[in-house]
Each structure stands twice: as structure tokens, then as C-alpha cells.
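Student: Going down the list, the protein sequences come from chains G and E. Position in the first sequence (from 1) plus 1 gives the number in the working numbering. Position in the second sequence (from 1) plus 1 gives the number in the working numbering.
Protein chains: 2
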Amino acid sequence: MLRSSIYHRPKNNFAYAYDEETLHIRLQAQKGDLQDVTLIHGDPYIWENGEWIYSTSSMKLVGSDDLFDYWQAIICPPHARLRYGFICNDGKESLTYTERGFFEDVPTHCHYYFAFPFLNKIDVFSPPSWVKDTVWYQIFPERFGNGNPKLNPTNTLSWGETPTQSSFFGGDFEGVINHLDHLIELGINGIYFTPIFKAMTNHKYDTIDYFEIDPHFGDKETFKRLVDECHKRDIKIMLDAVFNHSGYYFEPFQDVIKYGESSKYKDWFHIAKFPLNPGNQLSYRTFSFEPTMPKLNTENKDVQNYLLEVAEYWIREFDIDGWRLDVANEVDHHFWRLFRNRVKAIKPDAYILGEIWHDAMPWLQGDQFDAVMNYRFTNAAIDFFAKKQTTVEQFQNELVHVLQSYPQHVNEVAFNLLGSHDTARILTVCEEDTNRLKLLYLFQLSFTGTPCIYYGDEIGMTGGDDPLCRKCMEWDENKQDLELFHFVQKLISLRQQSPAFSKGEFSFHAINESLVSYRKTLGDEELLIIINPTNRSLKVKFPTSFADSIDLWTNKH
Amino acid sequence: MLRSSIYHRPKNNFAYAYDEETLHIRLQAQKGDLQDVTLIHGDPYIWENGEWIYSTSSMKLVGSDDLFDYWQAIICPPHARLRYGFICNDGKESLTYTERGFFEDVPTHCHYYFAFPFLNKIDVFSPPSWVKDTVWYQIFPERFGNGNPKLNPTNTLSWGETPTQSSFFGGDFEGVINHLDHLIELGINGIYFTPIFKAMTNHKYDTIDYFEIDPHFGDKETFKRLVDECHKRDIKIMLDAVFNHSGYYFEPFQDVIKYGESSKYKDWFHIAKFPLNPGNQLSYRTFSFEPTMPKLNTENKDVQNYLLEVAEYWIREFDIDGWRLDVANEVDHHFWRLFRNRVKAIKPDAYILGEIWHDAMPWLQGDQFDAVMNYRFTNAAIDFFAKKQTTVEQFQNELVHVLQSYPQHVNEVAFNLLGSHDTARILTVCEEDTNRLKLLYLFQLSFTGTPCIYYGDEIGMTGGDDPLCRKCMEWDENKQDLELFHFVQKLISLRQQSPAFSKGEFSFHAINESLVSYRKTLGDEELLIIINPTNRSLKVKFPTSFADSIDLWTNKH
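(1) Using a Cβ-Cβ cutoff of less than 7 Å, which residues in the same chain neighbour E/PHE507 once the five nearest sequence positions on both sides are dropped?
(2) What does DSSP give as the partner residues of E/ILE140 in its beta bridges?
(3) Looking at the unbroken beta strand (DSSP E) that takes in G/ALA74, where does it start and where does it end?
(4) Do E/SER494 and E/GLY188 have their C-beta atoms within less than 7 Å of each other?
(5) Just checking: is the beta-carbon of E/ARG4 within a distance shorter than 7 Å of some beta-carbon in chain G?
(6) Helix or strand or just coil, what does DSSP make of E/GLU213?
(7) Can you find the residues in the same chain that come closer than 6 Å, C-beta to C-beta, to E/GLY219, ignoring five residues on each side of it along the sequence?
(8) Give the residues of chain G in contact with E/LEU68, contact being defined as C-beta atoms less than 7 Å apart.
(9) What residues in its chain sit with their C-beta under 7 Å from that of E/GLN390, if we drop five residues either side in the sequence?
(10) Going by alpha carbons, who is nearest to E/HIS217 out of E/PHE141, E/PRO164, E/MET239 and E/ILE75?
(11) Mapping DSSP to helix, strand and coil, what is E/ILE512?
(12) Is G/LEU262 helix, strand or coil when you go by DSSP?
(13) For the structure I just gave you, are there three or more beta carbon pairs, one from the stretch 116-133 of chain E and one from the stretch 480-496 of chain E, closer than 8 Å?
(14) Kindly list, in the order they appear in chain G, the residues whose Cβ is closer than 8 Å to that of E/GLU300.
(15) Go ahead and label G/LYS1 buried or exposed: buried means 16 or more other beta carbons lie within 10 angstroms of its beta carbon, across all protein chains shown.
(16) Can a CB atom of chain G be found closer than 7 Å to the CB of E/GLN31?
(17) Under the three-state reduction of DSSP, which class applies to G/PRO150: helix, strand or coil?
(18) Can you find a C-beta in chain E that's less than 7 Å from the C-beta of G/SER289?
(19) What in chain E is Cβ-close to G/ASN330, meaning under 8 Å?
(20) Taking C-beta to C-beta, are E/TYR117 and E/LEU24 nearer than 7 Å?
(21) Residues in the same chain with beta-carbon distance under 7 Å from E/GLU143, minus the five sequence neighbours each way, listed in chain order, please.
(22) I think G/SER59 touches G/ILE76, with their Cβ atoms under 8 Å apart; what is that distance to the nearest whole Å?
(23) Residues of chain G with a CB under 8 Å from the CB of E/HIS335: which are they?
(24) What alpha helix (DSSP H) runs, 4 residues minimum, are completely inside the stretch 411-466 of chain G?
(25) Would E/TYR1 pass as a contact of E/LEU40 if the rule is Cβ separation under 7 Å?
(26) Shortest alpha-carbon distance to G/ASN13 belongs to which of G/GLN409, G/CYS470 and G/ILE353?
(27) Output needed in chain order: residues of the stretch 70-81 of chain G with a Cβ under 8 Å from some Cβ in chain E.
(28) Taking the alpha carbon of G/LYS504 as the reference point, which residue from G/GLU413, G/LYS557 and G/LYS472 has its own alpha carbon closest?
(29) I'd like the span of the beta strand (DSSP E) that includes E/PHE115, first residue to last.
(30) On the DSSP bridge list, what partners appear for G/ASP37?
(31) Taking only beta carbons into account, state which residues of the stretch 82-103 of chain G come closer than 8 Å to chain E, listed in chain order.
(32) What residue range is occupied by the uninterrupted beta strand (DSSP E) comprising G/TYR285?
(33) Tell me, please, whether the CB atom of G/LYS521 is closer than 7 Å to any CB atom in chain E?
(34) Tell me whether the beta-carbon of E/GLN255 lies closer than 7 Å to the beta-carbon of E/CYS453.
(35) Looking at the structure shown, is G/PHE385 part of a helix, part of a strand, or coil, going by DSSP?
(36) Just verifying my parser: in three-state terms, what is the DSSP assignment at G/GLU527?
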């Protein structure tokens, strides 16, 4: 047995409370090494005649990637307490794996075993229930619709011209309200807006005033109307909180520039020495090395109070439904815990989404975020479907690895995107091959999690990295790819029609090495999805259990 | 290369901030598999000509156990941000291990790599600095000294009789004050008191009133005097907070018994159905299945406020230095975060010690505890020195495993005990062989962490499990093992004399398979400690580097 490949450690993705009553226990082992795994488990306080009383449960092989098999058991401990270990059998030997290592004999004292000491409800990761049913649509407000030309910046270009990093096109809230029909027709039910607060740039990630709407976008009254119009249509609203850094023209930062060490805001930032030097040798911390984005000192109580008041204000006064947190991984965990407590106190079902591009387990333990922007999904999906750089096997392995690295309920609300204002447009990444994009959409919209569509991607807009991925929304139907639009629309409608399509339990089932095939299961409903990413037709034999099934796409037998 | 045995995941013990500037990065690999490991690392925002700029650093093999080698690098990222991966070389192939898996070529984009996004000071695990220099002494107040017979319970037995689980002997604060000389002579500088608040039992783990001193122990004035007398002698005071459960006679619980569902305290506990049934089929949650210890609902805001006020009160009014948290692992993490914030706000260098017998990484990330009762150390040390159940190799492997499972600064303040009121006395576990116990003390007092001596162990008291491990302190010098006392005293004095002895970096260095040998290094000072656990004398060859050294025990060359 390959003992050194067997891994388990309580909490994180290996042992977690799925809900108030249920624990998921997982074990990772070298692929193919173990024939079966049995979980030994019991309450640490139940003893009879000096012996610890335990039960055993078979563990299920729930996934495999290139290196590992993942075994899982689901346990509801009656007294909310658990000690447990693993009897690993590779056909040649049987060893019990515990916190103190491997034993040939099953240790009889519960002190040897792993502990999930108590399932406390308040610690359970519990994202809002509506998120699983949401299809998001990301809007970059400066480029979606110009509904009120009176608000145009002085240097506004004509709608549709090629943007530079500094161009303005006059997009605004009125423009969004005018085009809500498009979103309803598409079928989405959540909008994620990149920042809308007063700022200098077109992207508004350099906030000047967190309590003010950017005047080019509208005013608070218009924003309120936008939220109301969306809520009337059952569309949730998520705003972008840029709390890692402010803009250069944020008043407290201007105060520090002006008054230096005697500024009452000097501890609001990370300043190495005075006077501030926004030149080559930065004397203060920033986002990246961007002098116009000074990093906020979120360890400072005044900064905390200010930002928490911002977080509360837009929920309390405008009833927004979620916060997307910019550069969330560079802000301290301590602040995010305060943030969660404050936000959930005023709106318990608000959604908290962190911008984290990498493995985000430390932020997804129930005390900080509900989800992160799942670029790990994006990377795997793009490398396979769009760039054709990976094999079916590599693609599946990478996704299983990502899924198994998180608890199940984390995956269920993962924010799965194909692209954003920070990446080249997905059709461009697909080398403008709409067929590849369609397969990507099929996969994204049937995968575990909550998908997000970047404005315009659904009608075949193209563009490379920023600024080209931020072109004005194309409203001329003649220039829209309506077939693509209807394809995406249909996929979204399938999510409503078939709960298994959106929320079913996901698992790959190999049918043919050239095909991506997977099942989604929910209650009695079982779906088989087969994707042919090649350019040739392939004949496949359906599993017999699907012989009498309905084709969900055509709705025929 | 055994890819499936290579493990790393950021945060926890594998990548953590050691201080405000320093990251420790660790990799686990199959024992003997890798010849060298190189860390690739860089700032995610430093790019030149479209290429990510990274550096490389050799990783050091810092420990091995039966299954794994542990590699470590120490990095101070100039901008507090890090992306990193591992070039693993087994002599036959060289592979780069990243968040996205293994690659033959070194990936050039930093998105592939592991992330430690930002070293935020507030998130750094930072226990009080005085703890490293502390030797604790655990006192069970009912059994240490009877200084004021007027406070004796009515059924007090004669000092020194064999205790039952319900006996009383009249131990009190006055008794502790009277015997402070003993503690000063021994050399300890911290006292951990098991509970002192008003309760029914002799052990006081069934609190009636968290704001009152148990009248058998004294009053608040006496307790204040005790704290002051200790502080005058540079002895810290740690109290026991029993927040997992109250006692049966805790007023709110009595109120629930009396008024059932209409009690205003009904949500202070976990009650399945009314009326309460303390019989065989408990209708409420308890510690273990103990009807007299109803579990407190620490998710309830009133309970939180009550207990947090308790935590603050004894610090504010009596200036205690630390809290030991009973059954800490069964209380929710959310509560412990509130607890830490409240305690550290009023006394930033208070010590927070959790009673957790198993792997406690989820509580030791900087947001909850400063340390846990390190029974993982206890088990390994006892099985080897006291029970002679394990080999030198097994013992070393188990300790390396424990050390590597935690960050270095967690180990530096681990609360290393040989026994407590919950276990048989250590001399009894040693089958009354004082030689074994001496070696245990030598090891405990020279190991990484902060040691604790259970009252009376230092003078050779014996006794099996509770109640026999709670016998009255033996004050008759004729019945004390004074040689043992002087041995322990000398070890403690060596900790003061040689900072390397107490705080040096620990590492095993095999000299002979029958001996336990290790080094402790601090600055220029390097100690070699060799323990012969056999009953025979062994000749060993000293490493030449120690040829001209001083014998710390005799202070001679």
C-alpha cells in the first residue's frame, strides 16, 4: 500500500459539515491503490466495558484524477460529535489510518483517531439558497448602454468605436434599464456590475467616494430605480466593492498627500515614508505597482468602520443582493470576517463573492465568503474547449481535482465564468470558432455551480485583452450572432426546466476517450450529457440505462 | 518520482507567515524520494517583456518521519505578495509542482503557481512573547494546600486520605499563597488553575456562577491577593474557562428546569424537547452524556455576551494573564473568534490556551487560540519513555510528524504536559520508575514549547486515573522525592541559564539507534542532548564539533 500517498486532515475539504446534521468525510489515495476503504466512526464518549464503541461504513469512490482516487462517506453523527479513521485495503494488506498514523490492528482507543469534535451550526458554510438557481450576467456599466447622453463625459466617443484604456462611451444606468428586456429574453436572473461608485477612470476601480454613484452613470435615484426594476423581474443585483485599495483622488488619500504625517488619515494607508512619492520608487503600498491605487490599511479600525458602513449602506438604502470583492485575496482575513458579520446581520441572504483566481479554501470555510470567481474552472475549460491544448483526460482530471479540493456546497455556488473585463473575450480565445464557444456554454451551464455570462459574449462579441474586451455592447441585431444568443437562451431555459441540469450531482462517466461525458443526478432525474469536441462525427453506444430516455434538447424520446 | 506523495497547500502548516515579514514554505514528499527541491517564487505583478520574473531558492530538508521528508524555505517577499512553486528533482527527472499539478517545463505564467497573496500583519499567528519563557505549574485548588480551615466544606476529609470522586479536602487560595515558596524554589513562573468559580463538585467543572469565586476556595479579596503575590514573584496566572457547558445549578439552567419553554433562558442551551429530562434519555445536550453539565448554546447572542463579559471581568478586575479553555474543540469557532477579539482588546498579551487533545490546526491560525494542550506530544513521549512501547525511531517519527503538522511559532508555545487532572500521574504511568520520569522531564523541559508540571509530580506523587491522580499535595518533606525535585529544579534553571535549552531550534540527530539525540540551536549556542533510555550504559562517539564543548549539566569542559 502506498501509505505516503494517503492523505486526510479534518476540516477544509477533507472533513466538513455539509449541513446542520451531515458530515462529509473524504480520503485521498494514490490512484488505483486501494480496493476499498471503510470508515470507522463513533462518538468519543460512548464506551462499554472499557471499550470504545464504533460503527463502520463503506466509503464510496467519488472521483479520480491523474494521481488520486477520492473516497467519501456521509455521516450524520447523532450527538454531533465524531472520531473516525480509515480501514484501507489494497487487496494485499489492510491498514487502519488514524491521526497517529497507520496500524495493522484497528486501534481500540478513540484518542488515536481523527476528530470532528462538534458540528456547530454557526460554523457551517451556508451560502444563500437562491444562488444555486442564479445565472449571472456581468455588466461593465460604461459600455453596456447609453440611456442618458446628458451624463456623457466631455470626451465621450461614438458608441462602438474601438476603445483605448482611457476612452469613455457614456454607458449609464438608464442604458441598463432600457435594455432589461434583452436580459429577460436571455433568461439571466442576476447582474454583477463592475464598480459604480465615483471614480476617475472608465472602469471605476479607483474609487473617489464609496458613498456616491459615479455621475456619468446616474444618481442614487436612478440606481434605486434600476434595482427596483430588476427586483420586479426577479433579477438580483451584485455590486463590486473595491476595498483593497482606494483611488488616488479618494479624499483621505488626498489629505495624506497634502498634510503628510500630520494628516489624520495617515494610518489609512500603508506608507513607508513621507512625503508620499507616487513616482518610480513608491513610498506607499498600492494595488500591483499602480500609484493611483493606494492600498487601504484594513487593519486600521477607522478604515474598517468606514468600509463596513459602505458595505451596509448600499444594502440598507438600495437593497442590493450581493457584494463582489475586488482583489479579495490581498485583504486580511480578519477584515473579511468583520465584513461577513456586518453584511449578514443586515441581509442574511446576501451573497459574498471574492475575487480569488487561485485555490481559495482559506476563504471558504463559512466565516468569510460564499464563493469565489472560479478561474480554476475557467482555466481548465478554456485550455480544453477553446485552446484545444489539453486532452479529454487532462481536462477531466483537472476539473475533478478542483471539485475535490473544495467541499460539495462550495462547488454548488462557485461563480463559474468564462471570462470577464480582466480577460480576452471568450469567442476571441476560441479563435472566433463559435462551435467551440457553444460547447463551452453547454459545459458551463450544465456544470456544478452558478454560471456568469460577460455582457456581449452571448451575441458573439470579440476582443483581446483590456481594452478590447471592454468594447461597447452591440445593440444592432444585424451585428449580433442571434443563433448563439438562442443557443445560450435555450441552455439557460434548460436549467429552469430540469433541476438536474442545473443542480444535479455532477460526475464524469467515460464513454469514449474522445468525448466528454458526464451525468447529473437529482432525485429521480438522471441526465447524460455527451460533448463531442472533435471536428468529426463519432458513433457512441449509449449506456443501456438511458435507452428509453428523453432527449432534453429536442424534448423527444 | 512519487508524485502522489508530494503535498502542499497554502496556509495551515505548509505556507504561513512566521512574522510580519517572513513566510515559511514547506513541501512534503515521500521519504527519500527527492534529492533536492528548489522554490520558484516571485511577485505576481513583476513582469518584464511579457514574462513573469521569478527567483529560485534552495529548500532545506528540515525533518523526516517514517513516511515523509519535509522541505522548507524561508522567504521575505519585499512587497508582501508571493506566487511560488517547487522544482522537484529525484535524480532521474525534474518536475515543477504547481497549483495546477506537475509540469516537465517550468510554467512561465504566475497563474499556474501557488499563492500567498498578501502577508497581512493582523492575520499573523502571534502568541504573547512571554509564553516561550514560561514553565507552567498546574494546580487543582481543592488539593494543593488548606490555608484556611474555616472555609472547609462540611464533609472535609483529613489531608492526605485517599480521595473518591466526591471527596473534599479543603484546599484553598490561602493554601496556595502559603506555598508559593515551593513554586519559587522549583523555578516555575506560571500557574494554571483548574476552575475556581462557584460550583458543586470538587473539580468545579460544573459552574454555578462564573462571576463568583467558589466559597471553599476563598473570596475575591483573597484571589486578588493571590494574583498580586504571584505577580510580585513574576508568576503568571491562568484560569480555566468552562464555556462548553455550565453546571446543573447554573441559574439560567435552573430557570429552564423551572419554567420550561417559557423560561427566558430556554435558548441558552441545546434542548430537544420540554420538559427537561436529566434521566437516561437526555432531552438536552450535555458535555459527554453528563446530565449535570448542560451544553451552553454559544451561538446565542445573550450567551455570547454573558461569557465574553466573564472573560473580560477576570482580566479587568483581577489582572489574570491567560485563559485555559475547557473542551474547547466542541465550542464553535465563531465564538472563539469573538472571545479572542474581546480578550486581546483588554489585554493584548493574554495567553489563550485551548483544551484540544488531537490535531488542532483549525484553532491555531491566528484568529482563535495561542496554543493547545499538546497531548500529541504527551502520547508520543509517554509511549516511549514511560511505557517503553515504541522504538527510538518510532518516537522520533511521531514527534517530527507532530512538529511538521504545525507552523514553527505554534510549536514554540505549545503547552507540553506529561499529565493533568484528567490522566494518571506520570510516575504511575512510568510504573513508578523514577529514572524514566527523569528522562521524560529532561525531554519535556528541553523540547520546543512551554512545559507544564502537574502539582506534586515534581516530588514523585503517584496515582492512577481520576480520582487517584487528584490526591492532596504532599507537604511532608520526608515523603517527598527531593532528589527528583532537585532534578526538575535544575532542568528549569538550565532553561534560564541557556536560552538554547529552552528556545533553541530543535532537531533530532541520530548518533546511535538506541539513543535519543537532538540538537537545540540559538544564535551561536548549540546544544547536543543525548538520552539513554536503556538500562545499560552505552559508549557513544560525540560529533567532533562538540569536542571542545561545555557539559551544561556539570558546567565543565
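Ideal Cβ positions, reconstructed from N, Cα and C, are used throughout, including at glycine.
Tutor: On the basis of the supplied data:
(1) Only PHE448, THR449, TYR519 and LYS521 meet the Cβ criterion.
(2) Per DSSP, the beta-bridge partners of E/ILE140 are E/PHE194.
(3) Boundaries of the beta strand (DSSP E) around G/ALA74: 69-76.
(4) E/GLY188 is positioned such that its CB atom lies closer than 7 Å to that of E/SER494.
(5) Among the residues facing chain G, E/ARG4 is included, as its CB has a counterpart in that chain under 7 Å away.
(6) DSSP places E/GLU213 in strand when its eight states are reduced to three.
(7) The residues ASP173 and PHE174, in chain order, have a CB closer than 6 Å to that of E/GLY219 in the same chain once the five nearest residues on each side in sequence are set aside.
(8) Ordered by position in chain G, the residues that pass the 7 Å Cβ test against E/LEU68 are ARG4 and SER5.
(9) Correct list, in chain order: ASP384.
(10) For the residues E/PHE141, E/PRO164, E/MET239 and E/ILE75, the minimum Cα distance to E/HIS217 belongs to E/PHE141.
(11) In this structure, E/ILE512 counts as coil in the three-state DSSP scheme.
(12) Just to set this straight, residue 262 of chain G is Glu in the shown sequence, not Leu. When DSSP states are grouped into helix, strand and coil, G/GLU262 belongs to the helix group.
(13) Contact between the stretch 116-133 of chain E and the stretch 480-496 of chain E is absent, because fewer than three Cβ pairs lie under 8 Å.
(14) Those within 8 Å of E/GLU300 in chain G are ASN121, LYS122 and ILE123.
(15) As shown, chain G starts at 2 and ends at 558. That puts residue 1 of chain G outside it, with no answer to give.
(16) Chain G contact via Cβ: present.
(17) DSSP, reduced to helix, strand and coil, places G/PRO150 within a helical segment of the structure shown.
(18) So, interface residue.
(19) Per Cβ cutoff of 8 Å: ALA116, PRO118 and PHE119.
(20) Note on identity: in this sequence residue 117 of chain E is Phe, with Tyr being the wrong assignment. Contact flag set, yes.
(21) In chain order, PHE169, PHE170, GLY172 and ASN203 place their CB closer than 7 Å to the CB of E/GLU143, counting only its own chain and leaving out the 5 sequence neighbours on each side.
(22) Under the criterion of beta carbons closer than 8 Å, G/SER59 and G/ILE76 do not qualify as touching, at roughly 12 Å.
(23) Annotation: Cβ neighbours of E/HIS335 in chain G (cutoff 8 Å, chain order): ASN121, ILE123, ASP124 and ASP368.
(24) As far as the stretch 411-466 of chain G is concerned, its whole alpha helix (DSSP H) runs of at least 4 residues are 427-430 and 435-447.
(25) The displayed coordinates of chain E run from 2 to 558. Any statement about residue 1 of chain E would go beyond what the structure contains.
(26) Of the candidates G/GLN409, G/CYS470 and G/ILE353, the one whose C-alpha sits nearest the C-alpha of G/ASN13 is G/GLN409.
(27) Residues passing the 8 Å Cβ filter: HIS80 and ALA81.
(28) The residue from G/GLU413, G/LYS557 and G/LYS472 with its alpha-carbon nearest to that of G/LYS504 is G/GLU413.
(29) In the DSSP assignment, E/PHE115 falls within the unbroken beta strand (DSSP E) covering 115-117.
(30) G/ASN90, per the DSSP bridge assignment.
(31) Those would be ARG82, GLU100, ARG101 and GLY102, in chain order.
(32) Note, G/TYR285: premise wrong, no beta strand (DSSP E); not H, not E.
(33) No, G/LYS521 does not count as interfacial toward chain E.
(34) Against a cut-off of 7 Å, the Cβ pair of E/CYS453 and E/GLN255 comes out as no contact.
(35) Three-state DSSP puts G/PHE385 in a helix.
(36) Three-state DSSP puts G/GLU527 in a strand.
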